[in-house]
Amino acid sequence: MPRPLSIKLDKPNGVLIIQWADGALCRYPLSHLREACPCVECRGGHHNMGRQGDPDHILVLRPARSYNIVRIELVGNYALQPFWDDNHHTGLYTWEYLRRLCAPPESASSATSSAAESQ
């Protein structure tokens, strides 16, 4: 599993940007991250824990109260923990889960060439 090289929280645009070691560049809308929260409260109870959330089914969750992140902390060498402005902070987003949420990943070189072509 590739690891992040850089992690940037772009609050004005409501997006988390992760550059992965294998060259993929992923942009995660904060609304998408909140709706995909893997914590027990957001997953519907302890009977659903231990199963990774399915990114194809995240929209069936109840709407979240906040899509604004106050801060993000690293958890060991395996995850991020966002702190949302409504005080929700129990979701740990593992590198594997974040990578699965990135659809479709784009390489840094293709992102650069796409930006250059649009100018």
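The working numbering puts the sequence shown at residues 68 to 186. Just so you know, even glycine gets a beta-carbon here, dropped at the ideal spot from N, CA and C. Owing to the predicted nature of the structure, the values given are computational and were not obtained by experimental measurement.
query                                                                                                   : result
Exposed unless 16 or more other CB atoms sit within 10 angstroms - verdict on Arg-166                   : buried
Validate contact between the segment 88-95 and the segment 131-147 using beta carbons, cut 8 Å, 3 pairs : no
Continuous alpha helix (DSSP H) assignments of at least 4 residues falling wholly in the segment 75-120 : 97-102 and 107-110
Residues sharing a beta bridge with Ser-73, DSSP                                                        : Gln-86
Whole-angstrom distance between Trp-151 and Val-137, CA atom to CA atom                                 : 6 Å
C-beta atoms of Pro-71 and Gly-81 nearer than 8 Å                                                       : no
Neighbourhood of Thr-161 by C-beta, 7 Å cutoff - its chain only, sequence neighbours within 5 removed   : Tyr-145 and Ala-146
Proximity of Pro-105 and Leu-141 at Cβ, strictly below 8 Å                                              : no
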